[in-house]
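Going from the sequence shown to my numbering is simple: count from 1 and add 554.
Virtual Cβ for every residue (Gly too), placed ideally from N, Cα, C.
Since we're looking at a predicted model, the values are computed, not measured.
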Amino acid sequence: MDLFTAWFNHFISYVYPSETNPVLLILDGQNTHTRNLNVILKAEKNYVTILSLPPHSSHKVQPLDKTVMEALKTFYNEEIRVFLRTNQRAVSLFDVGKLFGQAYVKVQSAERAIKGFATTGLYATSRSIFSNEDFLETAHQDENVAPATYSQPTILHQSLR
555 MDLFTAWFNH FISYVYPSET NPVLLILDGQ NTHTRNLNVI LKAEKNYVTI LSLPPHSSHK
615 VQPLDKTVME ALKTFYNEEI RVFLRTNQRA VSLFDVGKLF GQAYVKVQSA ERAIKGFATT
675 GLYATSRSIF SNEDFLETAH QDENVAPATY SQPTILHQSL R
């Protein structure tokens, strides 16, 4: 929780939310995010609305994770493998940009991004992407807390502005 609080303080100092420029921060359902009273209170004071996605569902609502980022990891790992085989030396900090760029060129396409939205059911909307079981918390990080069911994202804080 301390690490997330430090991150949130850094976030506030760079984003500059205000009454005339409020910020929406969307987070996964991690306990350090959803049960961090210091962050929730600071968000309220600093015009930040925190929206928490249902636990264990972020993989279903992040379209680029499903198609672009997964492929990018695969292509980047392949670029590194080829580099290591060809150069017979470790990848240095100076090689990363070139290798990442080569992988990115292979991945980036409108078709792949569009497929990500279709795969997650975000566009065109598909109500069958999620089952009722998807909204049940499958792993309890805090065994003292009873399992919860979720039917929609939880808004942790919403200021009256």
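Alpha-carbon to alpha-carbon, residue j and residue i
| i | j | result |
| --- | --- | --- |
| N631 | R643 | 15 Å |
| N686 | K614 | 13 Å |
| T603 | M555 | 18 Å |
| L618 | F671 | 8 Å |
| V593 | Y570 | 15 Å |
| L647 | F654 | 11 Å |
| S611 | S663 | 25 Å |
| L578 | F684 | 24 Å |
| R635 | L595 | 47 Å |
| V645 | R681 | 44 Å |
| N575 | F558 | 23 Å |
| V659 | K652 | 11 Å |
Unbroken beta strand (DSSP E) run spanning residue i, endpoints
| i | result |
| --- | --- |
| Q602 | Reading off the sequence, residue 602 comes out as Val, not Gln. Unbroken beta strand (DSSP E) run through V602: V602 to S606. |
| L591 | First-last for L591: L591 to K599, but that is the alpha helix (DSSP H), not the beta strand (DSSP E). |
| I580 | V577 to L581 |
Counted within 10 angstroms of its Cβ, other Cβ atoms place residue i as buried (16 or more) or exposed
| i | result |
| --- | --- |
| I566 | buried |
| A560 | exposed |
| N563 | exposed |
| N641 | exposed |
| N590 | buried |
Boundaries (first-last residue) of the alpha helix (DSSP H) holding residue i
| i | result |
| --- | --- |
| L653 | L647 to V661 |
| I668 | A664 to T674 |
| D556 | D556 to V569 |
Cβ neighbours of residue i in the same chain (closer than 7 Å, five flanking residues each side left out)
| i | result |
| --- | --- |
| A657 | L626, F629, Y630 and E633 |
| D649 | F637 |
| R639 | none |
| Y568 | none |
Cut-off 8 Å between Cβ atoms - residues of its own chain near residue i, not counting five sequence neighbours on either side
| i | result |
| --- | --- |
| E661 | The sequence shown places Val at residue 661, rather than the Glu named in the question. The residues are V622, A625, L626 and F629. |
| L676 | V615 and P617 |
| T674 | K614, V615, Q616, P617, K620 and I683 |
Close beta carbons around residue i, own chain, < 6 Å, minus the five adjacent residues each side
| i | result |
| --- | --- |
| E573 | Y601 |
Proximity test, residue i beta-carbon vs the ligand GTP heavy atom, cut-off 7 Å
| i | result |
| --- | --- |
| L605 | With respect to the ligand GTP, the structure shown offers nothing to examine, as it has no ligands at all. |
**Item:** Any 3 or more C-beta pairs closer than 8 Å across the stretch 574-583 and the stretch 601-611
**Value:** yes
**Message:** Between the stretch 664-678 and the stretch 612-626, can you find at least three pairs of beta-carbon atoms closer than 8 Å?
**Reply:** yes
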